[in-house]
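Below: the structure, in C-alpha cells.
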Amino acid sequence: MTMELPWFTGSSTGSTGPIIRNRFSYLPDHFTTQPDVTATIPGGRRREGAANSFDISQEFAELEVTSKEEQNEKIESQIMNKVTSSDDPFVEATGLDVPTPATSFREMGFSAKALNDNIRRCKYMNPTPIQKYAIPVAMAGRDLMACAQTGSGKTAAFCFPIINGIMVDKQRNKKVWGNSGGSGTAFPKALILAPTRELTCQIHDEAKKFSYQTGVKVVVVYGGAPISQQLRNLEKGVDILVATPGRLVDIIERGKVSLRHIKYLTLDEADRMLDMGFEHQVRKIVQQMEMPAPGARQTMLFSATFPAKIQKLASDFLFNYIILSAGKVGSSADLIVQKVEFVPDMDKRDYLVNLLSSQETNKNALTLVFVETKRGADALEHWLSRKGFPSAAIHGDKIQLERERALKSFRSGRIRILVATDVASRGLDIPDVGHVINYDLPRAVDDYVHRIGRTGRAGKSGLATAFFSDKNVPLAKPLVQLMLEANQQVPTWLTQYADNGSAYTHPHEASSVPSIPVDFPYVADYSAPIAHSLNSASFDYMDIIMLL
1 MTMELPWFTG SSTGSTGPII RNRFSYLPDH FTTQPDVTAT IPGGRRREGA
51 ANSFDISQEF AELEVTSKEE QNEKIESQIM NKVTSSDDPF VEATGLDVPT
101 PATSFREMGF SAKALNDNIR RCKYMNPTPI QKYAIPVAMA GRDLMACAQT
151 GSGKTAAFCF PIINGIMVDK QRNKKVWGNS GGSGTAFPKA LILAPTRELT
201 CQIHDEAKKF SYQTGVKVVV VYGGAPISQQ LRNLEKGVDI LVATPGRLVD
251 IIERGKVSLR HIKYLTLDEA DRMLDMGFEH QVRKIVQQME MPAPGARQTM
301 LFSATFPAKI QKLASDFLFN YIILSAGKVG SSADLIVQKV EFVPDMDKRD
351 YLVNLLSSQE TNKNALTLVF VETKRGADAL EHWLSRKGFP SAAIHGDKIQ
401 LERERALKSF RSGRIRILVA TDVASRGLDI PDVGHVINYD LPRAVDDYVH
451 RIGRTGRAGK SGLATAFFSD KNVPLAKPLV QLMLEANQQV PTWLTQYADN
501 GSAYTHPHEA SSVPSIPVDF PYVADYSAPI AHSLNSASFD YMDIIMLL
C-alpha cells in the first residue's frame, strides 16, 4: 500500500509528477523544479517502556548494555514484527538528494558512545517510521519539515541528532559550550520551541534522559512558573534550551540568553503554536533576536497538519529542506478504534459514569476525558470523585505545581481518570492511556485528531469514545470523512447529520447504561492490529474487546 502526499502527484517511486502549486502554495523553487526523490518504505514500530516516568538516576546508569541485551534485542525485534505489516503507515520524503533511510539505530551514524548506550538503556529497539527518515536527514545536516501522526516518536527523532552533533562539536573544539563565560548571558547551541508548559517539560525530561552522561546540558524555561529558578539553571550552563515562546522572549530581553550561537533550531507542534497565537513571538525569536539565518543553522519543523500558514512559516525559516510525511497528513493513528455515541448534554454525566463503571474489570487502563471549559473540568472532576471515581483535572488556570502533581498521579496510575481541557491534548506522552473520551467534542476535527492521539501510542491499541449532541452538527461532515478514511464504522445517524446538517430521523440516543462493557488492550496480544479488522460489516464494543 502506497500513500501519496496530498500535494504530490505521479508515481510514488519516480519523478514523473509535478508538485501541485495551488495545493502547496509556499513550496520553494527547488521542490517545483526538481521533485526527483520520493522514497517510500514500510515503517517499523518500537516498544516504549515507562519512559516518561523514568527518572535520571543511578538505576539508569546501572542498566547494562551487553551482548546478552543484543540477543534480547533480536528476539524483541521478532516480536515487534508481529505488529508490523504491509499496511503500516508509509513515509514519503520529497526533496533533493534525500538521504537513505535507516532500518536500525545502528545505521544512524551516531558517533557518541554515551548516546548509543542511552538509546539501548531506553529499550529503543526499532526506529519508528518517522525516525527511519528524519534522523538520517538531520544527521546529514539538512533542514526538515515533518508531518507525523501522534505517538510517532518524533521527540527522539530530533533529540538524537542534536545531542550527537553537540557532542561531536564539543570533542572537536575541546571547549565547553553553553556557559555564560562570566557575562551572565547563556549561549545555547540548540533551541527547541514548543507551545505549552507540559510539552516543554516532557521534551526536557526526554532530552535529559537521552543526554545522560554525555556532558550535554539541557535546560527548560516556560511561563506560569517562577523565573528565578529558571535563570539560576541557565547560569549553570546550557547546550540545549527547551522553551515556550513567551518566556523565551522575556528571558532574551532580560539579557540572560543569546541566540547568536544557535546551530540547531527545532519547532515542535508548530501548528499548535500558531493556533495559540504565538506566530508573532516565534517570528520575533527566529528573525529578530540575533539567531543565525537559514542555511547558517539547521532547522527542523514538526507539525501534525500542514495548513498554508505552516507552509509559509517553513518557507521563511527553512533552507533547501526535505518534506517528510508519516501516514496520512492530519489522520488519526491506525490502532485507535473510534466510537461515536449520540448523548444529549443533560445525559452526559450519567452516561459517563456508567461507561466508566463498565470498564472496571481492567484496573490498569487510564482514561482521559476532554471537556470544553476550565470550569467544566473542575466541576466534572468533583462530580466524578463524589461518585466514587477518583479523578484529577488540568487546565490553564491551574498553577504549574498542581498540573505537574495531577499528571504524575495519572501517569503512575494512582488515579485512573484525568479530566482535561485542550491544554493537555497536544504533546503529552502518557504511555498507558487506554481510553480517550470526548465528553465535549471540539469545534475543529484537527483538535479531535490530536485529542484521540493520546491513546493508541507506540503500537498499543486504544479506544476513543465521543459524545455527540445537536450542538456538534458542524463537526459531523469532517468527522465522518476522518472515520471513513481510518476504516472506522460510522453510525447511520451521524452520516445523516453530515449529509443534511440534521438527521432525517431523530438518532438513537445513548441509553443510560452502555450495552456492552468496555475493556482495554494492556493484557492483550498485540500481534493482530485491530485496525485491519475494521472492514467487517459491523461490530460493537464486544467486537472491540475480542479484537484487543
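Just so we're aligned, residue 1 is where the sequence shown starts under UniProt numbering, counting upward by one. For each residue, glycine too, the CB sits at the ideal point set by N, CA and C. Keep in mind that this is a model prediction, so the values were computed, not measured.
{"Query": "Apart from the five residues just before and just after I163, which ones in its own chain have a Cβ nearer than 8 Å to its Cβ?", "Result": "A112, L115, A207, F210, S211, T214, V216 and I240"}
{"Query": "Among A314, P99 and A293, whose alpha-carbon lies nearest the alpha-carbon of Y133?", "Result": "P99"}
{"Query": "Under 8 Å by Cβ, that's how I've got V480 and T495 pegged, so tell me the actual separation to the nearest angstrom.", "Result": "6 Å"}
{"Query": "Which residues in the same chain as I119 place their Cβ atom closer than 6 Å to its Cβ, once the five residues preceding and following it in sequence are excluded?", "Result": "F105"}
{"Query": "Taking only three categories from DSSP, how would you classify F187?", "Result": "coil"}
{"Query": "Where does the unbroken alpha helix (DSSP H) through K208 begin, and where does it stop?", "Result": "R197 to F210"}
{"Query": "Beta carbon of L479: closer than 7 Å to some heavy atom of the ligand ZN?", "Result": "With respect to the ligand ZN, the structure offers nothing, as it holds no ligand at all."}
{"Query": "By the three-class DSSP mapping on this structure, what secondary structure does Q338 have?", "Result": "strand"}
{"Query": "Between T128, G237, G295 and C122, which lies nearest to P188 when the distance is taken from Cα to Cα?", "Result": "G237"}
{"Query": "My understanding is that Y222 touches A243, with C-beta atoms under 8 Å, so please give their C-beta distance in whole angstroms.", "Result": "7 Å"}
{"Query": "Going by C-alpha to C-alpha distance, which of L313, K256 and Q202 sits closest to S228?", "Result": "K256"}
{"Query": "Check the C-beta distance from A102 over to P127 and give it rounded, since I have them as a contact under 8 Å.", "Result": "7 Å"}
{"Query": "Who are L368's beta bridge partners in DSSP?", "Result": "L418 and V436"}
{"Query": "Which one of A486, I322 and F278 has the shortest CA to CA distance from D97?", "Result": "I322"}
{"Query": "Within this structure, are the beta carbons of T373 and T421 separated by less than 8 Å?", "Result": "yes"}
{"Query": "Just curious, the alpha helix (DSSP H) that Y222 is in, first and last residue?", "Result": "Neither: Y222 is in no alpha helix (DSSP H) and is coded neither H nor E."}
{"Query": "Given a cut-off of 8 Å, decide if L366 and Y439 are closer than it, judged by their beta-carbon atoms.", "Result": "no"}
{"Query": "Rounded to whole angstroms, what's the CA-CA distance from I452 to V369? Just pull it up for me.", "Result": "10 Å"}
{"Query": "Whole beta strand (DSSP E) runs in the stretch 243–304 with 3 or more residues, listed along the chain?", "Result": "264–267 and 298–303"}
{"Query": "Looking only at its own chain, which residues have a Cβ that is under 6 Å from the Cβ of M276, when we skip the five neighbours before and after it?", "Result": "P195"}
{"Query": "Check whether the Cβ atoms of L324 and I130 sit closer than 8 Å, and answer yes or no.", "Result": "yes"}
{"Query": "If you draw a straight line from the C-alpha of G456 to the C-alpha of V449, how long is it?", "Result": "12 Å"}
{"Query": "Just reading off the alpha helix (DSSP H) that A379 is part of, what are its end residues?", "Result": "K374 to R386"}
{"Query": "Less than 8 Å between C-beta atoms, sequence neighbours within five positions excluded: which residues of the same chain meet that for G224?", "Result": "R197, I399 and Q400"}
{"Query": "Is the CB-CB distance between I192 and T305 below 8 Å?", "Result": "no"}
{"Query": "Considering only the alpha carbon of each residue, which of R403, S358 and D350 lies closest to L380?", "Result": "D350"}
{"Query": "Less than 8 Å between the beta carbons of I262 and M291, yes or no?", "Result": "yes"}
{"Query": "Between which two residues does the alpha helix (DSSP H) carrying L355 extend?", "Result": "K348 to S358"}
{"Query": "If you run the structure through DSSP and keep just helix, strand and coil, what is A308?", "Result": "helix"}
{"Query": "Check each candidate in F319, F158 and I135 and name the one with the smallest Cα separation from G95.", "Result": "F319"}
{"Query": "What are the start and end residues of the alpha helix (DSSP H) that includes A156?", "Result": "K154 to N173"}
{"Query": "If you follow the beta strand (DSSP E) that I430 is part of, which residue opens it and which one closes it?", "Result": "I430 -> no beta strand (DSSP E), and no H or E assigned at all."}
{"Query": "Express the C-alpha separation of Q287 and E273 in angstroms, rounding to a whole number.", "Result": "It should be pointed out that residue 273 corresponds to Met in this sequence rather than to Glu. Distance between the alpha carbons of M273 and Q287: 16 Å."}
{"Query": "Measure how close the beta-carbons of F488 and Q338 come, nearest whole angstrom, since I'm counting them as under 8 Å.", "Result": "In the sequence on display, residue 488 carries Gln and not Phe. 5 Å between Cβ atoms; contact."}
{"Query": "Secondary structure at M139, three-state DSSP: helix, strand or coil?", "Result": "helix"}
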